[in-house]
Ligand SMILES: Cc1cc2nc3c(=O)[nH]c(=O)nc-3n(C[C@H](O)[C@H](O)[C@H](O)COP(=O)(O)OP(=O)(O)OC[C@H]3O[C@@H](n4cnc5c(N)ncnc54)[C@H](O)[C@@H]3O)c2cc1C
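Residue numbers (the UniProt record's numbering): 1 to 427.
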């Protein structure tokens with residue numbers, strides 16, 4: 001059996017103790033079989049265990065192997081498309097529910113970290129940075145919009161204030177969200193996995209679900225075993241492949257890349273981000289960055305449609321980093337890696353049920369650290385028979401990518417090229 005390791009990321013190199021978990025062998029019976037040990041799967045498992053369900057998690061590789069163990073670590077609230085778009089495509093009651101939930105994921109992360117004493121370098125404060133006046137007008141309207149749903153902790157930053165929080169000359173202003181922030185993402189996943197086990201849940205690693213036998217009592221098959229369950233939660237996201245063919249047409253795996261500098265030392269690090277907030281800009285193809293606990297800069301950006309791994313990640317991301325921070329021109333890059341997220345056409349999460357007992361949540365399209373934690377709570381509510389919030393997501397309309405599975409990658413890349421051009425021209 002293949003033993004898939006973590007990618008060679010800064011996170012894998014600085015992970016807290018990683019406990020190897022067993023491979024599933026033989027037959028297991030459980031209440032809920034969760035497929036995938038990323039945040040969606042682990043958050044679902046934790047909420048279900050806290051409500052008395054028996055839970056078995058199957059992970060194809062290792063806990064946090066996917067996006068949850070590789071991401072920028074930015075706790076960005078809300079969704080990849082915002083409530084104004086949601087308001088236009090769904091009714092007011094559904095928009096109201098989704099709007100109220102938009103900042104709940106960050107709260108759940110903080111509750112998890114506190115309750116289970118997870119060591120993941122949690123820091124408060126995230127900034128959306130405006131590169132031009134159009135971005136700034138957008139942030140002003142987002143703030144007004146979010147406030148309508150009760151999220152009043154946001155602060156607009158003018159050009160002088162943003163210079164006080166980030167030493168980048170390119171910004172004209174920004175929006176500070178103190179309920180945003182950042183974490184060591186793999187250590188959060190590892191801590192959540194340990195919490196799952198502390199409540200009696202079981203996690204099998206190197207145990208990919210290869211087939212789902214549907215029916216009143218569904219069975220998930222792996223290479224060497226099977227799990228018979230009352231419910232299945234599909235949480236494989238961009239790494240799921242074609243296990244559930246119905247889901248594949250309306251979403252597309254995309255790669256995105258991250259680099260990490262050598263330690264900068266306290267003075268340089270503090271000069272870049274004195275309050276240690278994380279930052280993402282307002283471009284469609286956005287740059288995002290933050291400091292680590294050992295004062296490196298983690299910088300991400302760029303999208304590869306169709307999730308091919310680029311040959312030279314540093315060559316793609318390093319110039320973006322230097323454009324934001326020319327003062328780092330002599331700093332060495334220690335780590336570079338790629339990871340896959342799942343894009344939907346609407347950029348809103350793809351959530352639903354297949355029959356009575358298979359549930360799924362995936363496709364948060366780039367901003368998923370908070371949403372996936374919320375998804376776990378909402379999935380667990382649905383399995384307990386309280387599906388109002390789950391249905392608010394499940395009723396979001398989703399459409400297949402133009403061109404089908406064969407042509408969706410070039411079509412989406414063309415779309416991104418167009419938006420990238422708009423970013424460059426400042427439209
Ligand atoms: C490089 C990168 C940077 C990002 N930065 C940010 C950020 O800063 N902020 C933010 O909000 N979002 C960010 N995101 C997005 C965010 O990380 C994801 O939305 C989120 O982690 C998705 O979690 P998940 O549990 O749904 O999926 P994943 O974390 O991808 O987990 C899916 C898991 O399922 C497993 N799996 C798949 N198929 C099977 C199977 N058949 N059987 C068993 N297991 C299976 C996989 O091995 C994987 O471990 C980033 C994503 C990437 C890739």
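Glycine included, each C-beta is placed from N, C-alpha and C at the ideal position.
- Nearest C-alpha to residue 381 among 364, 369, 367 and 359: 359.
- Under the three-pair Cβ rule at 8 Å, the region 228-246 counts as touching the region 203-216.
- When the beta-carbon positions are compared, residue 131 and residue 171 come within less than 8 Å of each other.
- Counting along the chain, the unbroken alpha helix (DSSP H) around residue 142 starts and ends at 133-148.
- Here residue 192 is buried. Its C-beta has 16 or more other C-beta atoms within 10 Å.
- Not a single heavy atom of ligand 1 lies less than 7 Å from the C-beta of residue 393.
- Your pair residue 75 and residue 181 checks out as a contact, with CB atoms roughly 5 Å apart and the cut at 8 Å.
- DSSP lists 29 and 219 as the beta-bridge partner residues of residue 228.
- Taken through DSSP and simplified to helix, strand or coil, residue 268 comes out as helix.
- Linking residue 273 to residue 39 through their CA atoms gives a straight-line distance of about 27 Å.
- Around residue 84, the same chain offers 145 as residues with beta carbons nearer than 7 Å, after the five sequence neighbours per side are excluded.
- In this structure residue 50 is exposed. Its beta-carbon is surrounded by fewer than 16 other beta-carbon atoms within 10 angstroms.
- If you draw a 10 Å sphere on the C-beta of residue 136, you find 16 or more other C-beta atoms in it, and that means buried.
- In terms of side-chain proximity, the C-beta atom of residue 367 is found nearer than 7 Å to a non-hydrogen atom of ligand 1.
- Taken in chain order, the complete alpha helix (DSSP H) segments of 4 or more residues contained in the region 332-411 are 369-383 and 388-394.
- Cβ-Cβ separation between residue 186 and residue 61: approximately 12 Å, too far for a contact (criterion under 8 Å).
- Our two residues, residue 246 and residue 34, have alpha carbons roughly 18 Å apart in a direct line.
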